[in-house]
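Protein chains in written order, with the working numbering: chain Y, 1 to 625; chain F, 1001 to 1233. Ideal Cβ positions, reconstructed from N, Cα and C, are used throughout, including at glycine.
Okay, here's the thing in structure tokens:
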């Protein structure tokens, strides 16, 4: 099935434009709020203590001597093997008026416990983070956030936060008013909706093309984008909201990324035809991709395939290798003139840039920004879109390939049909010659011998009537004529010896010799350049037309006109017979289909003009070159 | 049947000559060569000096033996008789070629005579005719088997017709002739002119007579050759 490339392109561009507009709308809604959120990160002091060694009571009482230091953001606070303690002392006026939610943006905090002690009041204890059960979280639809009691801005006290984090995370703290938080939460959801919707559109769109075109690259793409998306989603609170409501202790990010990179490598290999072009690169990359899949699975299932301490690093290295391979393969292909590789290179560049930006943010090389928090999602979506454009491009490539293949098949078919016709013609020539020279010649000798006998006899001696010698001689002549006629019909021996013009004229002559049909043939010189195959084709079709006139037309006049015009030799045969309705008869009767096909095989043209009662004119011609 | 006189015989024919005329017989059928030799043997002043079973062999022998006559079959493997004929005169201008063939198509006859054959004998009647043939050829005439005579259609050459002859046609006749020139059948001409088919046929006959066109193809040929004049008039 052929698919219109332009339509594919436009659908892809349209989808991308739609997603961008929606994302823009979300971002716009986000930026609408002027006062909120209020950044409070720099108010905190930070200290570290080995896991579980220090209790909140000790920190409150300041007996643990943790050595709190003021924070200078951005900074990356994670220290492996330690609890991260954050402390904020506040006086009246320190909290913004109406602040009701405190958010610690980022979803990599595994366990976050907060104690809020207001002077002369109770301690508010809240627990959240990835490992906290979703239903037990103080603020649900957020990465990590806690509630703030009313009237906090007029009070003094202390907020203590203990975090347990396995991976590098920069710290930020944002205070929101209730309405501003609601809007923010809604926008987060909307962004997720746009992101997932966009991905879903891309997946369905390309899955459809994959199914229609039966092209593996599309399926790899779908696998890649799906795995990448799920991997990105594992960094949000959605898995705990829907899958691990009791809080997730295991992170499937790496296994999922492994699957994604596996598909990415398969995709780039299929898309750029690496297997054929660079067999070694294909073997190596496929091996690494499969290995990555195995490592990922081992990681997810906690199989002791590689030392646990190394597994993360090995998988990370493979992931990086896969991404680099993707980039290098597409860049090289692009430079080698495969234009369809450009979107691949661009998409991987975009994804890597987004990942780098996100990593830079997590290591606090870049300050907190909402866009950075979503950098990976943005990168994945952009990647999906650009690859989708590449696949839209591929539709054209595949279409071209298929057209070329169809043309080649057609050419082959024609080639064999021509060969068959020529072989048939050669056979006929042989039979014709054999008939003429064996039976014909035998009859001739027989006849002459009989004549010799007759000459040696006295008049009246040879007998008379059907068994008489004279009768036998006449019978021989008859058979001889028949054999010569058959031989001529089988193959026009004149064609090779006397040329097309004479052969056509003789055919007319023979056909109409003993009929009342008045015939005329005006045959111009046959140009030198007309190949033998084409001459014989013209001859055969002429013969067929003449036979049709004889058998079906009931004509009283036939005219044949053959002449060169431009770079073709054209024949017109017209009779004044009964005619027929070509559109009704189609090509079924009269061998018209055969004639048309025969002419077409050798690159000529064939047309019929006829109507009942109007006679018939057949026009056909052959190009010289 | 005598078609025309050979303009200048290179030698004088005589019933008794000091040396018999040499003959090459080229035919791919041994039986036929044998038969021909038998027929020729009793003829005085003729001797078959060479045989060939292919065109190439015939040509080579013509080149080296320079026979007086060559009897060529039209259909031979490889180079056929017409091709040999075409090249033989360049090699041996005095050679007289007698085509002996089983093809009785007038087209072959025309072509053979065009190429300068001295005789065209159809194999059916070779036995009876070959003696006459040699006599005629020796006399510098061109000989063609009588059986071809009835079927001989002269090559449709256009006799020069005075262009002024067109003026002798009536306007109706000119219209009819223009129709013929434009590849119209008589029925179509009749319909276009709103006259009967018979009338068109009569016109055609009259035109042919006025222009002294003989033979069925001459009218069309003339009409097409003068198409421009007919249409402008």
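- Query: For residue 1124(F), which of helix, strand or coil comes out of DSSP?
  - Reply: Note: residue 1124(F) maps to helix in three-state DSSP.
- Message: Output needed in chain order: residues of the region 1162-1192 of chain F with a Cβ under 8 Å from some Cβ in chain Y.
- Response: Under the 8 Å Cβ criterion, the region 1162-1192 of chain F contributes 1183, 1185, 1186, 1187, 1188.
- Message: Let's see if you can read the secondary structure: which residues bound the alpha helix (DSSP H) around residue 513(Y)?
- Response: Where residue 513(Y) is concerned, there is no enclosing alpha helix (DSSP H), given that its DSSP letter is neither H nor E.
- Could you name the residues of the region 1105-1119 of chain F whose beta carbon sits closer than 9 Å to any beta carbon of chain Y, in the order they occur along the chain? For the region 1105-1119 of chain F, the beta-carbon criterion of a distance under 9 Å to any beta-carbon of chain Y is satisfied by 1105, 1106, 1107, 1108, 1110, 1111.
- Message: On the CB-based measure, 16 or more other CB atoms within 10 Å of its CB, does residue 289(Y) come out buried or exposed?
- Response: Residue 289(Y) comes out buried.
- By the criterion of Cβ-Cβ separation under 7 Å, what are the contact partners of residue 1123(F) in chain Y? The answer, in chain order, is 444.
- Taking only the alpha-carbon atoms, compute the straight-line gap between residue 608(Y) and residue 424(Y) and give it to the nearest angstrom. Computed Cα separation, rounded: 26 Å.
- My understanding is that residue 1052(F) touches residue 1061(F), with C-beta atoms under 8 Å, so please give their C-beta distance in whole angstroms. In this structure residue 1052(F) touches residue 1061(F) by the C-beta definition: roughly 6 Å separates them, less than 8 Å.
- Query: the region 1058-1081 of chain F: which residues have C-beta closer than 8 Å to a C-beta of chain Y, in chain order?
  - Reply: For the region 1058-1081 of chain F, which is checked against every Cβ of chain Y, the residues closer than 8 Å are 1074, 1075, 1080.
- Query: What are the partner residues of residue 118(Y), as DSSP defines its beta bridges?
  - Reply: Bridge pairing for residue 118(Y): 157(Y) [DSSP].
- With a threshold of 16 other CB atoms inside 10 Å of the CB of residue 256(Y), please say whether the residue is buried or exposed. By the neighbour-count criterion, in which a residue is buried when 16 or more other Cβ atoms sit within 10 angstroms of its Cβ, residue 256(Y) is buried.
- CB contact below 8 Å: residue 1220(F) versus chain Y: So, interface residue.
- Query: Just reading off the alpha helix (DSSP H) that residue 1087(F) is part of, what are its end residues?
  - Reply: DSSP places residue 1087(F) inside the alpha helix (DSSP H), whose first and last residues are 1081-1091.
- Compare the beta carbon distance of residue 340(Y) and residue 394(Y) with 8 Å and say whether it is the shorter of the two. The criterion of a C-beta distance shorter than 8 Å is satisfied by residue 340(Y) and residue 394(Y).
- Task: Measure the CB-CB distance between residue 1100(F) and residue 1123(F) and report whether it falls below 8 Å.
- Result: For residue 1100(F) and residue 1123(F), yes; Cβs fall inside 8 Å.
- Can at least three beta-carbon pairs, one atom from the region 161-180 of chain Y and one from the region 361-370 of chain Y, be found at a separation below 8 Å? Of all C-beta pairs linking the region 161-180 of chain Y to the region 361-370 of chain Y, three or more are shorter than 8 Å, placing the two stretches in contact.
- Task: Examine chain Y for any beta-carbon lying closer than 8 Å to the beta-carbon of residue 1127(F), and answer yes or no.
- Result: At least one CB atom of chain Y sits nearer than 8 Å to the CB of residue 1127(F).
- Task: Please report how far the alpha carbon of residue 582(Y) lies from the alpha carbon of residue 436(Y), in whole angstroms.
- Result: Our two residues, residue 582(Y) and residue 436(Y), have alpha carbons roughly 38 Å apart in a direct line.
- Is residue 520(Y) close to chain F, meaning its C-beta is less than 8 Å from at least one C-beta of that chain? For residue 520(Y), the nearest beta carbon of chain F is closer than 8 Å to its own beta carbon.
- Is the region 530-548 of chain Y touching the region 596-612 of chain Y, taking contact as three or more C-beta pairs under 8 Å? Judged by Cβ distances under 8 Å, the region 530-548 of chain Y makes contact with the region 596-612 of chain Y, as three or more pairs qualify.
- Message: Just checking: is the beta-carbon of residue 1227(F) within a distance shorter than 8 Å of some beta-carbon in chain Y?
- Response: Taking Cβ atoms only, chain Y never reaches closer than 8 Å to residue 1227(F), which makes this a no.
- Can you tell me where the alpha helix (DSSP H) with residue 542(Y) in it begins and where it stops? Start and end: 532-548.
- Task: With 8 Å as the threshold, decide whether the Cβ of residue 1008(F) is near any Cβ in chain Y.
- Result: Model confidence at residue 1008(F) stands at a pLDDT of 39, short of 50, so the residue's coordinates are unreliable; what they give is reported in the following sentence. Chain Y contact via Cβ: absent.
- Query: Would DSSP call residue 1104(F) helix, strand or coil?
  - Reply: For residue 1104(F), the three-state secondary structure derived from DSSP is coil.
- Item | Candidates 1172(F), 1068(F), 1125(F), of which the one nearest residue 1103(F) by Cα | Selected option, being the one with the closest Cα: 1125(F).
- Compute the Euclidean distance between the alpha carbons of residue 183(Y) and residue 96(Y), then round it to the nearest angstrom. Taking the CA atoms as reference points, residue 183(Y) sits about 18 Å from residue 96(Y).
- For my contact list, residue 440(Y) and residue 480(Y) are in at a C-beta cut-off of 8 Å; report their separation, rounded to the angstrom. Contact holds; Cβ gap of about 6 Å.
- Query: Relative to the C-alpha of residue 1042(F), which residue among 1105(F), 1068(F), 1032(F), 1134(F) is closest?
  - Reply: If we check each option's Cα against that of residue 1042(F), 1134(F) comes out closest.
- Message: Please report the straight-line C-alpha distance between residue 1094(F) and residue 525(Y), rounded to a whole angstrom.
- Response: The C-alpha of residue 525(Y) is placed about 31 Å away from the C-alpha of residue 1094(F).
- Task: Mind listing the chain Y neighbours of residue 1102(F)? Cutoff is C-beta to C-beta under 9 Å, in chain order.
- Result: What residue 1102(F) touches in chain Y: 436, 437, 440, 441, 444, 480, 484.
- Determine the DSSP secondary structure at residue 46(Y), reduced to helix, strand or coil. Strand.
- Mind checking if residue 497(Y) is an interface residue toward chain B, Cβ cutoff 8 Å exclusive? Absent from the structure is chain B; the protein chains it does hold are Y and F.
- Task: State buried or exposed for residue 157(Y), treating a residue as buried only when at least 16 other CB atoms are found within 10 Å of its CB.
- Result: If you draw a 10 Å sphere on the C-beta of residue 157(Y), you find 16 or more other C-beta atoms in it, and that means buried.
- Message: Using the three-state DSSP reduction, which class does residue 362(Y) fall into: helix, strand or coil?
- Response: Helix, per DSSP.
- Task: Pull up the DSSP beta-bridge partners for residue 111(Y), would you.
- Result: Note: residue 111(Y) sits in a beta bridge opposite 164(Y).
- Task: In angstroms with no decimal places, state the Cα-to-Cα distance between residue 208(Y) and residue 390(Y).
- Result: So the alpha carbons of these two residues sit roughly 15 Å apart.
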